[in-house]
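In full-length UniProt numbering, the protein residues as written are 1 to 365.
Note that beta-carbon positions come from the ideal geometry of N, C-alpha and C, so glycine has one too.
Note that this is a predicted model, so its numbers are computed, not measured.
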Amino acid sequence: MGRLFVGPSLESGWFAPSFLSVVGVDQVTALVSGLKGDFGGLVAVHEHAQSGRVELERAEVPFTVTLDGTGRIAGLFFGPPQPTHGDPAALAERIASAVGESAVLLLVDGKELASRNAGAPMAVGSAVKLVVLKAYEEAIRDGTLTRDRVIPLDAADRSLPTGVLQRLAPGTPVTVETLAALMIQQSDNTATDALIRLLGPAAMELLSPRNTPFLTTGALFRLAAKGAEAKRTAYGAGTPEERRVILDELAGVSLPSPSDLLPRATWRDAEWYLTAREQCGLLLELRDAPALNGSPEPLVAVEGWRWTGYKGGSEFGVLNLSAAGITADGRPVCAVLTANGDRPQPEDRLARLFSTLFRSAEKSR
């Protein structure tokens, strides 16, 4: 492990053929270079059997390694970096590697320890499902809905993946709490559109007026598809009333196939927009929602914390990562990273930096 982080270059002879058939030396080189660039040079390697920690200048990186019979690397896994110093502002600056514009916020016990463009509306993709969850939880609180209410899926709810419900036949009965859980835990688009139909778009528009009219995921896919360029441009330039007319026209258009979606950024004309501060408000307000209390997201799971909740979103040129938690000593924490550009975002690197930013709250006072 030490020579991976010290040598000027990696040699293919260090790796088993079975490893190289799946992962190239250039990929390992890029990963190691990225870790050193973000967290400094090697300080020490702490090993225990086939696992341990690589100690860098600003973080420790857990690893698991397996060797073949001749001592070559046959398996290699790096976990989320654990910051050794609470320096959120420095971490936020390194996030400037995002393509295009970015926004960063780290909120600890009500104090903004790192903030850049935190009040700027940014395209957030599926992270807008937090708005739907907020409207749903308000309906539960007001008694309009109960968590065990069963509704049939409608043909109009069917959307494209991510998710699993698009595979089910119209009329399939589902509890509304299952819809909420799938919407957050698996980012299920069909579950999301079923909840939007049930709650009514006005419920989300009241919570997030900027996103009026409130798009279903199916409507966004129709606007982003090949052949919809004119409607998408008109939608981006239109008033809320003009946009509603366009959505009514698209309601009769068949759902596109994934291959019909354009491999370019369309978020300037059709998208959901939230600020980092709005996202933190939503996450912390929703910390008791069952949908945010499922299996912890490994990216932000911190041992000993009382709770962590996560929601992200991505599409071409857009990446959003947002998480909140309650530390072992009871401090509320929230971190948001959003990047918007015209090219694909460096998702792996930004996710690594975001995870470290979130975890830095534990060492920040």
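Item: Let me know the secondary structure DSSP gives Ala181 once reduced to three states.; Value: helix
Item: Given that a residue counts as buried once 16 or more other Cβ atoms are within 10 Å of its Cβ, and exposed if not, what is Phe77?; Value: exposed
Item: Should Val22 be labelled buried (16 or more other beta-carbon atoms within 10 Å of its own) or exposed?; Value: exposed
Item: Give me the Cα-Cα distance between Pro201 and Met122, rounded to the nearest whole angstrom.; Value: 20 Å
Item: By Cβ distance below 8 Å, which residues in the same chain neighbour Asp68 in space, the five residues on each side in sequence not counted?; Value: Ala16, Ser18 and Ala74
Item: Pull up the DSSP beta-bridge partners for Gly312, would you.; Value: Leu321
Item: Assign Phe214 to one of three DSSP states: helix, strand, or coil.; Value: coil
Item: If you drop the 5 nearest sequence neighbours on each side, which residues of the same chain put their C-beta closer than 8 Å to that of Ala156?; Value: Asp193, Arg197, Gly218 and Ala251
Item: Taking the beta carbon of Glu93 as the centre, do at least 16 other beta carbons fall within 10 Å, making it buried, or is it exposed?; Value: exposed
Item: Hey, how far is the Cα of Met1 from the Cα of Leu130?; Value: 41 Å
Item: Per DSSP, which residues does Leu105 bridge with? Please list them.; Value: Ser115 and Val336
Item: Which residue from Trp272, Cys334 and Lys226 puts its Cα closest to that of Ser257?; Value: Lys226
Item: Could you give the uninterrupted runs of the alpha helix (DSSP H) lying entirely in the segment 21-88, keeping only those of 4 residues or more?; Value: 25-39
Item: Please go through the same chain and pick out, in chain order, the residues whose beta-carbon is closer than 6 Å to the beta-carbon of Glu177, but skip the five residues on each side of it.; Value: Arg147
Item: So, does the segment 268-281 touch the segment 334-348, judging by three or more C-beta pairs under 8 Å?; Value: yes
Item: Mind pulling the alpha helix (DSSP H) runs of 4 or more residues that sit fully within the segment 140-188?; Value: 176-185
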